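Be aware that the sequence shown starts at 4, since it is given in our numbering, and climbs by one per residue.
We treat Cβ as the ideally placed atom computed from N, Cα and C, and that holds for glycine.
Since the model is a prediction, treat every value here as computed from it, not as a measurement.
This report refers to the structure that appears directly beneath it.
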Amino acid sequence: MNDSVQYDVAADLGDMGCGDLVIALAQAMQPLRVDQVLQVRATDSGAREDIPAWCNMRGHTLLRAEQEIYYIQKGEH
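Below, the structure is given as structure tokens:
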């Protein structure tokens, strides 16, 4: 069974902390159309909490989180 998430764009945000991370996430998501998926690599320990919270606040869907890799589907906003 293949349960990998298909994505449209990838962004390596490395060890960016909260402030820089959310700005970079917004910039990476901006050109995507609704329902497209962004794959993000983020190594900062706070990303585990920051990325889901950011998705919730911005109306995006966190499809999957695997260690340092996150799959975010763009919402309507």
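Reference residue i, options the options, closest by Cα
{"i": "D15", "options": "H63, R44 and A68", "result": "R44"}
{"i": "V87", "options": "E71, T46 and T64", "result": "No answer is possible for residue 87: it lies beyond the span of the chain, which begins at 4 and ends at 80."}
{"i": "L28", "options": "G78, W57, D18 and G62", "result": "W57"}
{"i": "E79", "options": "E71, R36 and S48", "result": "R36"}
{"i": "G22", "options": "A13, I54 and D6", "result": "I54"}
{"i": "D38", "options": "D11, D6 and Y73", "result": "D11"}
{"i": "A13", "options": "Q42, I26 and D6", "result": "Q42"}
Residue i, buried or exposed, once every other Cβ within 10 Å from all chains shown has been counted against 16
{"i": "M60", "result": "exposed"}
{"i": "Q9", "result": "exposed"}
{"i": "Q33", "result": "exposed"}
{"i": "A50", "result": "buried"}
{"i": "I75", "result": "buried"}
Same chain only: Cβ atoms within 6 Å of residue i, ignoring 5 sequence neighbours per side
{"i": "M4", "result": "Summary for M4: the model assigns pLDDT 44, below 50, so the residue's position carries little reliability; its value from the coordinates is reported in the next sentence. Excluding positions up to five away in sequence, the list is empty."}
{"i": "A68", "result": "none"}
Proximity below 8 Å, CB of residue i to CB of residue j
{"i": "L66", "j": "D47", "result": "no"}
Spatial neighbours of residue i in its chain, beta-carbon cut-off 8 Å, leaving aside the 5 residues before and after
{"i": "E71", "result": "R44, A45, T46 and A50"}
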